[in-house]
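Down below is the structure, laid out as structure tokens.
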Amino acid sequence: MLSLSELKTLLATPQKIVITTHHKPDGDAMGSSLGLYAYLIQKGHHVKVITPTDYPYFLHWLPNNADVIIYTEAKEQSEQLVADAALVFCLDFNTLSRINELGEVIRSSSAYKIMIDHHLDPEDFDDYRHWSINACAAAQLVYDFIVNELDDAALMNKDIATCLYTGIMTDSGSFRFPSATSEVYRIGADLIDAGAEHWRIHQLVYDNATENRLRFLGNCLTNKLEIIRELNTAIITVTAEELKRFNIVTGDTEGIVNYALSINGIRLAAFIIERTDKVKLSLRSTGDFPANEICKKYFNGGGHRNAAGGYSDKNLEDTIAYFKSILPDYKTLLLQ
């Protein structure tokens with residue numbers, strides 16, 4: 001393992017660096033990655049951000065987005081960049097399976113691997129770890145890494161602040177989740193002071209929907225929402241045919257599960273979606289209900305207590321039935 005002083009020594013001279021994050025990157029994944037990118041290029045490093053897959057259109061406005069390389073669209077280039085890198089920063093994930101094929105490329109790399117993450121049960125593949133499950137977002141940990149571990153608060157600029165604010169905002173539910181502590185609000189204020197235009201960031205992320213997404217959302221809420229009142233659970237299910245009919249693209253399904261959770265009295269919300277290869281699940285919960293336990297135990301996934309995901313190899317109908325069959329085991333918690 002690298003010590004902090006050894007890492008500082010490495011970063012004191014220009015290095016070839018790759019930053020990567022989990023597949024289907026969200027606001028925290030891209031915000032933390034591009035925030036760290038903006039910091040490292042200031043330091044004179046040669047940096048590339050490689051994502052395993054594409055990411056939502058409503059994040060394409062982020063500073064330096066044009067410099068992002070998508071692995072599935074440029075495998076040979078990506079693999080060469082990893083092979084040449086002295087350091088690989090792994091942000092917002094802690095197991096290499098979360099980056100698909102790119103995981104084995106990074107595992108076999110001789111580069112030092114730096115993990116910055118806030119999820120449970122990290123895999124032991126890294127050489128340096130800045131990790132805490134108490135952080136609301138990986139972007140919060142990138143802020144802490146730059147400002148406190150590397151003592152580089154003076155280098156905070158508008159690009160870094162904009163990206164990190166985006167990551168914190170999206171992963172904290174616009175600063176409303178329990179993880180948004182007073183410390184997180186102070187960090188948010190510091191990022192605003194550094195140039196992050198909080199009102200504009202919110203508008204670009206949340207008020208930037210396509211017509212297709214709105215019509216799809218209407219269909220989900222009108223026709224596909226099921227309430228199980230006796231278990232305080234709400235379920236939205238989507239078929240592959242519906243994805244095609246509404247011309248759904250990456251990012252269009254994001255956040256829909258939260259509408260189900262917003263219903264009065266609901267403790268657990270599920271968004272179950274039929275993809276080409278698997279059935280994907282997104283779970284959201286309130287209070288101390290362990291959404292991540294269900295995903296880890298039954299659906300090959302995991303995540304945070306109140307926000308988790310997984311998948312099923314069963315068909316859509318059987319997955320829905322299986323999910324419902326699990327709920328009675330959690331009745332006591334669901335009715336609290």
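Just so it is clear: in the sequence shown, position 140 is 140 by my numbering, and no numbers are missing.
C-beta atoms are modelled at their ideal positions from N, C-alpha and C, and glycine is treated no differently.
Where do the ends of the beta strand (DSSP E) carrying residue i lie?
i: L91; result: L87 to L91
i: M115; result: Y112 to D117
i: R98; result: Neither: R98 is in no beta strand (DSSP E) and is coded neither H nor E.
i: R129; result: Y128 to W131
Note down the Cα distance separating residue i from residue j, rounded to an integer number of angstroms.
i: F246; j: D277; result: 19 angstroms
i: Q77; j: I248; result: 29 angstroms
i: A234; j: L36; result: 37 angstroms
i: D207; j: N65; result: 19 angstroms
i: R305; j: D117; result: 15 angstroms
i: N258; j: V147; result: 33 angstroms
i: G31; j: F89; result: 14 angstroms
i: I236; j: L225; result: 5 angstroms
i: N315; j: V279; result: 7 angstroms
i: E104; j: R229; result: 44 angstroms
i: R200; j: D329; result: 44 angstroms
i: K324; j: I227; result: 11 angstroms
i: L281; j: G309; result: 5 angstroms
i: E274; j: A291; result: 20 angstroms
i: A161; j: Y322; result: 43 angstroms
i: I187; j: L327; result: 38 angstroms
i: A346; j: N300; result: Beyond the ends of the chain as shown, which are 1 and 336, falls residue 346; an answer cannot be given.
i: D124; j: E211; result: 44 angstroms
i: S174; j: I99; result: 26 angstroms
i: D127; j: L4; result: 11 angstroms
i: Y165; j: I192; result: 8 angstroms
i: I294; j: E6; result: 40 angstroms
Using a Cβ-Cβ cut-off of 6 angstroms (strictly less than) and excluding sequence neighbours within five positions of residue i, which residues of its own chain qualify?
i: A180; result: C136 and S172
i: V47; result: I17, Y37, L40 and I41
i: M156; result: A194
i: L91; result: T21, S32, S33, I116 and A138
i: V49; result: I19, S33, Y37 and V68
i: T250; result: D54 and P56
i: T170; result: G27 and D28
So, at 7 angstroms on beta carbons, what are the nonlocal neighbours of residue i in its own chain, with the 5 sequence-adjacent residues on each side left out?
i: L87; result: L10, Q15, I17, A111, Y112 and I114
i: S132; result: H118 and L141
i: R213; result: D252
i: C163; result: G31, L34, G35, A38, L62 and P63
i: K331; result: L231
i: A209; result: none
i: F145; result: I116 and H130
i: A83; result: S109
For residue i, which residues does DSSP report across the bridge?
i: K280; result: I273 and Y311
i: E226; result: I235
i: T51; result: I70
i: G302; result: G309
i: S179; result: Looking at the DSSP assignment, S179 forms no beta bridge with any residue, so it has no partner.
i: S285; result: L268
i: H45; result: H45 pairs with nothing; no bridge assigned.
Which stretch, first to last residue, makes up the alpha helix (DSSP H) that contains residue i?
i: R200; result: H198 to Y206
i: K296; result: A291 to Y298
i: R245; result: A240 to R245
i: K16; result: Run containing K16: none in the alpha helix (DSSP H); it sits in the beta strand (DSSP E), K16 to T21.
i: I263; result: Premise fails: I263 is in no alpha helix (DSSP H) and is neither H nor E.
i: M1; result: Taken as a continuous stretch (DSSP letters only), M1 belongs to no alpha helix (DSSP H), as it is neither H nor E.
i: I320; result: L316 to I326
i: Q336; result: From DSSP, Q336 is part of no alpha helix (DSSP H); its letter is neither H nor E.
i: T170; result: K158 to D171
i: I41; result: G27 to Q42
i: K75; result: K75 to D84
i: D144; result: A138 to D144
Using only CA atoms, which one of the options lies nearest to residue i?
i: F271; options: T319, E123 and E79; result: T319
i: H60; options: L81, H45, P25 and L281; result: P25
i: K296; options: Y311, T286 and S285; result: Y311
i: F177; options: N212, I201 and S285; result: S285
i: E197; options: T95, I256, G27 and K158; result: K158
i: I70; options: Q80, N94, T51 and Y143; result: T51
i: N219; options: H202, E183, V205 and T239; result: T239
i: S262; options: R98, N100, L221 and A85; result: L221
i: N223; options: N300, S5 and E242; result: E242
i: A29; options: A74, E6 and T53; result: T53
i: N134; options: A85, V184, I256 and S3; result: V184
i: G27; options: L204, L7 and D190; result: L204
i: E79; options: G302, Y298 and I106; result: I106
i: E254; options: F145, D288, G287 and L217; result: L217
i: S167; options: F58, Y298, F289 and A12; result: Here the sequence assigns Gly to residue 167, which means Ser is not the residue at that position. The option with the nearest alpha carbon to G167 is F58.
Between which residues of its own chain and residue i is the CB-CB distance below 8 angstroms, once the five residues before and five after are set aside?
i: N232; result: G265, I266, R267, L268, L334 and L335
i: A260; result: L225, A234, I235, I236, I266, A269, A270, F271 and R284
i: P122; result: N94, T95, M115, R129 and W131
i: K8; result: L150
Is there a Cβ from chain B that is less than 8 angstroms from the Cβ of residue i?
i: I146; result: In the structure shown, chain B does not exist; there is a single protein chain.
For the ligand HEM, is there any heavy atom lying closer than 7 angstroms to the beta carbon of residue i?
i: N258; result: Judged by which ligands are present, the structure shown has none, so any question about the ligand HEM falls away.
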